[in-house]
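Heads up, the thing below is written out as structure tokens.
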Amino acid sequence: MSEYIAPIRDMQFVLKELAGIDQVAQLPGCEEATADLVDAVLEEAAKFAEGVLSPLNVSGDQEGAKWHDKAVTMPKGFKEAYQQFAENGWTALACEPEFGGQGLPKVVNACVTEMWKSANHAFSLCPLLTTGAIEALVLAGSDELKATYLEKMVSGVWTGTMNLTEPNAGSDLAAVRSKAEPQADGSYKIFGQKIFITYGDHDMADNIVHLVLARTPTAPEGVKGISLFVVPKFMVNADGSLGARNDAWCVSIEHKLGIHASPTAVMAYGDHGGAIGYLVGEENRGLEYMFIMMNAARYGVGLEGVADAERAYQRAVTYAKDRIQGTDIGVRGGGKVAIINHPDVRRMLMNMRCQVEATRALAYVVGAAHDAAVHHADAEVRKQNQAFVDLMIPIVKGWSTEVGVEVCSTGVQVHGGMGFIEETGAAQHLRDVRISTIYEGTTGIQANDLIGRKMAREGGATIKAVIATMRQLDGELAKQSGEDFAVIRRRFAAGIDEVEKAAEWIVANYRDDVRTVSVGAVPFMWLFGIVAGGWQMARAALVAQAKIDAGEKDPFFPAKIITTRFYADHQLTRAAGLAVTVMEGAAGALALEESMF
Amino acid sequence: MKVLVPVKRVVDYNVKVRVKSDGTGVDIANVKMSMNPFDEIAVEEAVRLKEGGVATEVIAVSAGVLGCQETLRTAMAIGADRGILVETDAELQPLAVAKLLKALVEKEQPQLVILGKQAIDDDANQTGQMLAALLGWPQATFASKVVVAGDKATVTREVDGGLETLEISLPAIITTDLRLNEPRYATLPNIMKAKKKPLDNVKPDELGVDVAPRLKTLKVSEPPKRQAGVKVADVADLVEKLKNEAKVI
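In the order they appear, the protein sequences are chains G and V. Throughout, the working numbering is defined as the position within the first sequence, counted from one, plus 21. Throughout, the working numbering is defined as the position within the second sequence, counted from one, plus 426.
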């Protein structure tokens, strides 16, 4: 049995009907992304994910990355898989054509990224981090840096890392202490220790290009005194060949709950005289550059929620159809049945399914908006799309990954006792996805970003516009007949009311009572995520009904409507409770004296 | 030297096929379609011949509905230079396909036609042999190794007794077995290039071929469900059952 089957049917449906790939393909610079090309890309990426990456998922988890003598050895098969991945051009998919990329839209990249992550979460992090480093260099690097590094990174011959975190500078980057001392030749010597550096060392590529945050001697305190540097593992000669080993060493790797095949490095810079680094952009603007890329990185991590949940769902369905246990409830004297016949197992599977579909739909819609924000000819349209993307990134990152943890946990539950046993594979998805709510900004950071920077600061303008757009769907829903659509319509409308109420309350009270409002940040992120997911599911159900009305016989369409109905009854109904928690939940949270904990 | 590679669009090997309730065939509506795996091996072999400097052009051909274009694009993403679709909605049987291919061979004048030995949908295993007969060309079927040198091909075949090696003169027909090669994964640049490669569309009429079926399908049914096994008491009991119940000895 093939372990992972890419959900191409749902991906194509979301791309075409919800994210509007045909409109994306009309944007200047995105013309290549015609429907037939996108289909072909998805088909071939699926083959690679299923045939090369997925078979290494369990063995990579069991073997793990190994550290020895300041170097990391990857689990068996990873080096070959990575080289094939790079040779086949997948690293270059969404990169700029100027540097050898294919320039395909972000929303197409989202689909294939989901596949890499479903197939092998730990593997997928290497290209994800490299992409982040590429974007930083494209954004702010000098022509010389671009010429030296970009082509090799885009083609995947070299990989990249992002070095932000230090032992005392995690979520609070103002505390970064690594130093950068200017040298006479214009380069810098970097000194300091960085931790949690994903793929900080490995044996899959010849060189690793580290992007490192550090302070110059004259830098002001706090976030406004941080600069960004390129620090290669091996120096690069003028002709592009590799030179001396730089003073940047992996001094250990972490032992983790999940993603065992992804080496999480402790990096020591400058222990032997100073690591040579080159300034990216201007001094003291490092954090600003990082934050521009952060959206892309957070979006990528959000897809992990979708991807691990999809994989967990596939595994749970297979098991539930196969595992014979008990008889049908309500049938006297019946024979033994597969557990998928039990109502509670059904409920769990449907909960997994509807959340996978909702998070995927929302993520791809945001991906397409990102393409419009970058490529649209009209500046006003670009601005609107960017505002939408900025608002939704914390939802795609925060909500989708929290949903991912829930879904993967339910996946274990469907397996019963066997789910707790590693050999079924269900546990690995839960262990792997657990990091996704933490790195690139925890759920708490996402939710605070949402209510503060993305809502209160602009008086709730963008979220009000999104609420208005969501309400516009009501007319279409009202036209449909039948119980399913009546329920979907009612619950969706009620959900929007709750989002509106809670959003208004947050915007009104943020300035005067930020502590109280902040208690409700994560519950509000859930509330908005659930309702925005319901928005996409309702759109999907409408498209499905139109297809059925037009005579389409594909069972995919009635299934979509049923799944949306389930989502309405089991997810949208959570909105009311969450809204109460947002607006009234602070009392108990802040009242207890610290000494009483 | 030109190489012609016929490719068939079939239900993906991962799909569990369902027999239609009226017994007229299997349900192919809304199921995933892919290139016949044996044909993928044929494309790979042809592309390797081109990369090895033996072939100059690889032409992928498919016959069937418009959707076969996707299969041809897949062949071009692996490395075929161009594609020809013989478009028809008619049910195609091996003889009709062989006649269509004969017409295309006469038009394109390849020195070699490499086909999958059979398609995983009807498992007929006939088209290559029929094409060889129609053209009067030598054939080497079930190839597990192919070496082309000059105007000869040396083909190793998998036969019941082991391996048989044939030398055939070109032009010739070769059909592929599973162990001939392992098809590559298409690279992203090649997927994108495939879109821009020429793809011609012809109709059976234009080739002067009557594709009307010669065989009539009476009924398609599911294979019988596997019965539960029984424990036998001893060897004598086993022999007795094999003789009288299973009737295999």
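Cβ coordinates follow ideal geometry from the N, Cα and C atoms, glycine included. From a predicted model like this one, the values you see are computed outputs, not experimental measurements.
Distance from the CA atom of G/I484 to the CA atom of G/E521, rounded to whole angstroms, is 9 Å.
For G/A157, the closest Cβ of chain V is not nearer than 9 Å. For G/W137, not one C-beta of chain V is nearer than 9 Å to its own C-beta. At a C-beta separation below 9 Å, V/P615 has these neighbours in chain G: N109, G110, A113 and Q123. Around the CB of V/D626, fewer than 16 other CB atoms lie within 10 Å, so the residue is classed as exposed. What V/N627 touches in chain G, judged by beta-carbon distance under 8 Å, is nothing: the nearest beta carbon there is about 15 Å away. Contact between V/A516 and V/A501 is ruled out by a C-beta separation of about 22 Å, above the 8 Å threshold. According to DSSP, G/F255 shares a beta bridge with G/R266.
For G/D365 and G/A333, the gap between their C-alpha atoms comes out near 17 Å. Relative to G/A612, the option among G/K500, G/Q407, G/R536 and G/A408 whose CA is nearest is G/R536.
Here G/G177 has A107 and T112 as same chain residues with Cβ atoms under 6 Å from its own Cβ, once five neighbours each way along the sequence are excluded. Any Cβ of chain V closer than 9 Å to the Cβ of G/I583 would place that residue at the interface, and such an atom is absent. Taking the C-beta atoms as reference points, V/V437 is found nearer than 9 Å to V/D547. The alpha carbon of G/C132 has as its nearest neighbour, out of G/E325, G/L498 and G/Y588, the alpha carbon of G/E325. Assigned with DSSP and collapsed to three states, V/G587 falls in coil, not helix or strand.
Approximately 6 Å separates the beta-carbon atoms of G/V45 and G/V128; this is inside 8 Å, confirming the contact. For G/A296, the secondary structure class from DSSP, reduced to helix, strand or coil, is strand. Residues of chain V whose Cβ lies closer than 8 Å to the Cβ of G/G72 are, in chain order, Y611. Contact between the stretch 434-450 of chain G and the stretch 509-526 of chain G is absent, with fewer than three C-beta pairs closer than 8 Å.
G/P576 reaches chain V at N456, counting residues in chain order whose Cβ is nearer than 9 Å. Taking the Cα positions, V/R640 is about 17 Å away from V/G634.
The count of Cβ pairs closer than 8 Å, one atom from the stretch 412-422 of chain G and one from the stretch 356-375 of chain G, stays below three, leaving the stretches out of contact. Runs of the beta strand (DSSP E) lying entirely within the stretch 493-563 of chain V, each at least 3 residues long, are 508-513 and 538-542 in chain order.
In the displayed model, G/D392 falls within a helix according to three-state DSSP. By the C-beta density criterion, G/I345 is exposed, having fewer than 16 other C-beta atoms within 10 angstroms. About 19 Å separates the beta carbons of V/K528 and V/L498, which is beyond the 8 Å limit, so they are not a contact pair.
Chain-order list of chain G residues neighbouring V/A620: A61, by C-beta distance under 8 Å. At a cut-off of 9 Å, the C-beta of V/T450 has no neighbouring C-beta in chain G. Taking every protein chain shown into account, the CB of V/T602 has 16 or more other CB atoms within 10 angstroms, so this residue is buried.
Proximity to V/Q519 across V/T553, V/L530 and V/C494 peaks at V/T553, based on C-alpha coordinates. Nearest C-alpha to V/K645 among V/V445, V/R435, V/V429 and V/Y439: V/V445. Per DSSP, the continuous alpha helix (DSSP H) segment holding G/M413 begins and ends at A400 to P415.
Using a Cβ-Cβ cut-off of 9 Å, V/A501 does not count as an interface residue toward chain G, since no Cβ of chain G sits closer than that to its own. Residue-level contact by beta carbon fails for G/Q104 and chain V, as no gap is shorter than 9 Å. Taking 8 Å as the cut-off between beta carbons, the residues of the stretch 553-576 of chain G near chain V are K574, D575 and P576, in sequence order. By the criterion of at least three beta-carbon pairs nearer than 8 Å, the stretch 549-568 of chain G is in contact with the stretch 382-391 of chain G.
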